[in-house]
Amino acid sequence: MSDLSPLRLDDGVRVLALTGAGVSAESGIPTFRDGNGLWESHRVEDVASPEGFARDPSLVWRFYSLRREAAASCAPNPGHRALAELEARLGERFLLATQNVDGLHRAAGNERLVEMHGNLFTTRCSGCDRPPFRDESLHFDAIPRCERCGAMLRPHIVWFGETLDPADLARIEDFIHESRGHRLVFLAAGTSGVVYPAAGLVEVCKRAGAETVLVNLEAPANVRAFDRVIEGRSGAVLPALFG
Ligand code: BV8
Ligand code: ZN
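According to our numbering, the sequence shown is numbered sequentially starting from 902.
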């Protein structure tokens, strides 16, 4: 078992946390690249890319409706709650960047949150600039259409080959920049370190002088970038880490 000594959270330390699907696994949300991962039953290109949506929007809406339906009955686990308590403790010295789209961090109480890849329960129009809106509806049959312009509605998700929202990236970069002259801890949890630009954040933080900590079930692709690697379940490790 890895060394579980708590993070030193005194002396004005700032924490940038990055989470991936592994943090939601203990809430019953399937991950992407584990044994029975989401990508086992679907080709990424078919269900999580603009080309896939253009080719077969019904398949994409079925894929996201299934995930919307499943996530709606899932609850935050102790790992989510530990991150919400850490935000309550550190306030403006904390920021959570998540790759997860399941909404569980907000449900656990995190507000200083950047949903880098969008949100399962938000829909937007593919044809006009009406603002993205909260949407829990399921679309297994017909493709929803925009009342304003008639174009297809789409999940407000960042697909492969799509750029992340520049405002989201700027918020993360600003937090790192504002940490100069302070002790910064970059904490990644439950992510395979495969998808960029999220997987590149550890290097950005290292260059900014951060201490880098990883909590993961197994060694991810970018494990060498971390100063400290704690192998274990985030639902057990995170509460102990913020002791
Ligand atoms: C972009 C959609 C500009 C939402 C997702 C370099 C720079 C920039 C881009 C690229 C680049 N190289 C390649 C690219 C292109 C691409 C990319 O990164 N491809 C990869 C596959 C090589 N990136 C993009 O397209 C991004 N766009 O950068 O735009 C651009 C455009 C074109 C060309 C160049 C630049 C967009 C990326 C966002 C894509 N959308 N999802 C959805 O449907 O969910 S990414 C998808 O993977 C999910 O969002 C997911 O969150 C994310 C990452 O996966 P993980 O969260 O890490 O989950 P995974 O299952 O992989 O791993 C889980 C881990 O948890 C495992 O390690 C496991 O061991 C661990 N675990 C399991 N249980 C537990 C646990 N750990 C702890 N406790 C447990 N209980
Ligand atoms: Zn429209």
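For every residue, glycine included, the Cβ atom is placed at its ideal position computed from N, Cα and C.
- In the structure shown, residue 1044 falls within a coil segment according to DSSP collapsed to helix, strand and coil.
- Bridge partners of residue 996 according to DSSP: 917.
- Within a 10 Å sphere around the beta-carbon of residue 997 sit 16 or more other beta-carbons, which makes this residue buried.
- For residue 1039 and residue 1047, the gap between their C-alpha atoms comes out near 15 Å.
- When only Cα atoms are considered, residue 975 and residue 924 end up about 13 Å apart.
- Non-local beta-carbon contacts of residue 1062 in its own chain, meaning distances under 7 Å to residues more than five positions away in sequence, involve 950 and 951 in chain order.
- In the DSSP annotation of this structure, the continuous segment of the beta strand (DSSP E) that includes residue 1112 starts and ends at 1112-1117.
- Pairing residue 971 with residue 956, the inter-Cα distance amounts to about 25 Å.
- Just so you know, the alpha carbons of residue 1005 and residue 1081 end up roughly 30 Å apart.
- DSSP places residue 1002 in the coil class of the three-state scheme, outside both helix and strand.
- For residue 1022, the secondary structure class from DSSP, reduced to helix, strand or coil, is strand.
- For the set 980, 904 and 1092, the Cα lying nearest the Cα of residue 928 is the one of 980.
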